[in-house]
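The sequence shown runs contiguously to residue 292 in the working numbering.
We treat Cβ as the ideally placed atom computed from N, Cα and C, and that holds for glycine.
Written out below as structure tokens is the structure these notes cover.
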Amino acid sequence: MTAHLSEETIFRGMTHPIRVEVLESVDSTNTEAKRRIASGLCEPLLLLAETQTAGRGRLGRSFCSPRGAGLYMSLVLHPNLPAREVLSITSAAAVAVCEAIEAHTPLRPRIKWVNDVYLSDKKVCGILTEGVTDPVSGLLRSVVVGIGINCTPAAFPEEVAAIATSLESEGNGKVTKVDRNALAATVCDHLLALYEELSSQTWLPLYRERAWLDGKAVVWRQNDALYEGTVLGIDEDGSLRIATENGEVVLSTGEVSIRPKERCRQ
Ligand code: BTN
Numbered sequence: 027m028t029a030h031l032s033e034e035t036i037f038r039g040m041t042h043p044i045r046v047e048v049l050e051s052v053d054s055t056n057t058e059a060k061r062r063i064a065s066g067l068c069e070p071l072l073l074l075a076e077t078q079t080a081g082r083g084r085l086g087r088s089f090c091s092p093r094g095a096g097l098y099m100s101l102v103l104h105p106n107l108p109a110r111e112v113l114s115i116t117s118a119a120a121v122a123v124c125e126a127i128e129a130h131t132p133l134r135p136r137i138k139w140v141n142d143v144y145l146s147d148k149k150v151c152g153i154l155t156e157g158v159t160d161p162v163s164g165l166l167r168s169v170v171v172g173i174g175i176n177c178t179p180a181a182f183p184e185e186v187a188a189i190a191t192s193l194e195s196e197g198n199g200k201v202t203k204v205d206r207n208a209l210a211a212t213v214c215d216h217l218l219a220l221y222e223e224l225s226s227q228t229w230l231p232l233y234r235e236r237a238w239l240d241g242k243a244v245v246w247r248q249n250d251a252l253y254e255g256t257v258l259g260i261d262e263d264g265s266l267r268i269a270t271e272n273g274e275v276v277l278s279t280g281e282v283s284i285r286p287k288e289r290c291r292q
């Protein structure tokens with residue numbers, strides 16, 4: 027296990043001073059963040075946990091969170107803006123995670139649309155963003171950006187181990203120990219900087235230069251049908267542009283997979 031998470035060390039490592047809270051164990055930092063919002067939290071908060079007993083991923087999946095083996099954190103912000111003006115915060119978060127990994131390790135992560143961070147063709151980080159809408163104004167009152175980074179190799183279930191990696195498993199032994207406090211501070215700091223400039227899309231070129239799917243053959247599912255095409259790139263709003271035999275398709279949300287090799291040969 028890496029050094030224990032420390033509120034003070036993380037706070038001191040950031041140039042954007044926001045409240046930092048570390049929990050020993052929680053069901054999910056995102057769920058806890060939403061409970062805090064429901065009880066009136068109205069200041070920014072970075073909430074971290076050493077372990078999660080019910081960590082959540084996108085599309086109803088669970089997120090494996092062994093004690094001390096990863097960074098499990100949720101950043102809570104209160105934009106009070108129309109949701110469409112804040113949607114790209116998830117893409118900005120993927121960029122912030124890459125920049126933090128680059129700052130603290132010799133590794134070069136890539137982003138698998140829409141917001142997974144990859145190393146050597148395996149997932150090292152997932153991001154789950156959830157919003158709380160004001161019922162009166164219809165504005166996005168608060169947003170919770172949940173980030174899970176695998177830091178040390180852990181006993182993941184077999185199906186997770188096949189597709190996931192950790193920072194310390196990569197880089198041919200060059201990454202021996204990850205400083206989770208420094209990593210958390212840098213992720214949060216970079217995300218807050220990109221958030222301040224969300225309307226000028228500072229994140230977009232940074233995302234595009236790390237886009238992992240460009241040029242790759244992919245498949246995706248929509249309304250129970252399977253589609254395939256070749257990725258052209260990332261649109262102005264973060265959507266995925268795909269060339270198909272019926273013309274260009276733009277996906278604004280969802281998930282695509284790399285086309286299995288057997289299918290490519292057909
Ligand atoms: C995904 O891979 O689909 C997203 C995973 C997001 C995991 C993080 S860990 C911290 C925060 N709390 C959660 O329950 N989920 C997010």
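For residue i, which of the options has the nearest alpha-carbon?
| i | options | result |
| --- | --- | --- |
| L145 | K60, A210 and A237 | A237 |
| V213 | I36, H30, A29 and S32 | I36 |
| S163 | Q78, V282, A75 and L107 | L107 |
| D263 | E254, S225, A251 and E281 | S225 |
| E274 | D261, T131, S51 and E281 | D261 |
| S278 | W139, S91 and L230 | W139 |
| E281 | L266, S88 and E58 | L266 |
| S283 | N56, P231 and E254 | E254 |
| L232 | S195, R285, P135 and A187 | P135 |
| P161 | L72, A109 and H30 | A109 |
| S88 | V169, V204, S192 and L154 | L154 |
| S51 | V276, Y98, L258 and G86 | Y98 |
| L209 | S195, D250, H130 and I189 | H130 |
| I63 | E111, S168 and N141 | S168 |
| E76 | T159, G259, G86 and E47 | E47 |
| P286 | E111, V143 and T256 | T256 |
| P252 | T270, E235, G259 and L239 | It should be noted that the sequence gives Leu, not Pro, for residue 252. When each option's Cα is compared against that of L252, the closest is T270. |
| A158 | T178, K60 and E33 | The question names Ala, but residue 158 in the sequence shown is Val. For V158, the nearest C-alpha among the options comes from K60. |
| F182 | T228, G96, N272 and L49 | G96 |
| V150 | V186, L165, L166 and E156 | V186 |
| R234 | N249, G259, N272 and K203 | G259 |
| E196 | R206, D147, G152 and L165 | D147 |
| P132 | L230, E194, H30 and R38 | E194 |
| G86 | L230, P179, V204 and E156 | E156 |
Check the DSSP bridge columns for residue i and list the partner residues they point to.
| i | result |
| --- | --- |
| W246 | Y253 |
| I36 | In the DSSP output, where bridge partners are listed per residue, I36 has none listed. |
| Y98 | A75 and G174 |
| V282 | Paired residues: none, contrary to the question. |
| R82 | S88 |
| S51 | T77 |
| I260 | L266 |
| E274 | A269 |
| L239 | Per DSSP, none; premise fails for L239. |
| S107 | Contrary to the premise, residue 107 reads as Leu rather than Ser in this sequence. Answer is L166. |
| A190 | K149 |
| V46 | L72 |
Does the pairing of the segment 39-48 with the segment 210-229 give three or more beta-carbon distances under 8 Å? Contact between the segment 39-48 and the segment 210-229 is present, with at least three C-beta pairs closer than 8 Å.
Is the number of C-beta pairs between the segment 103-111 and the segment 120-129 that are closer than 8 Å three or more? The answer is no - the segment 120-129 does not touch the segment 103-111, with fewer than three Cβ pairs under 8 Å.
Would you call the segment 168-188 in contact with the segment 115-122, where contact means no fewer than 3 C-beta pairs closer than 8 Å? Under the Cβ criterion (8 Å, minimum of three pairs), the segment 168-188 counts as touching the segment 115-122.
Counting pairs of beta carbons, one from the segment 67-78 and one from the segment 240-247, are three or more of them closer than 8 Å? Under the Cβ criterion (8 Å, minimum of three pairs), the segment 67-78 does not count as touching the segment 240-247.
Write down every uninterrupted run of the beta strand (DSSP E) in the segment 122-181 whose length is 3 residues or greater and which is fully enclosed by it, in chain order. DSSP runs (the beta strand (DSSP E)) wholly in the segment 122-181: 136-138, 142-145, 148-159 and 166-176.
Sufficient close CB pairs (3 or more, under 8 Å) joining the segment 47-57 to the segment 80-87: Segments in contact, yes.
Any chance you could list the alpha helix (DSSP H) runs of at least 4 consecutive residues sitting entirely within the segment 193-222, in chain order? Secondary structure in the segment 193-222: the alpha helix (DSSP H) runs of 4 residues or longer, each lying completely within the stretch, are 206-222 in chain order.
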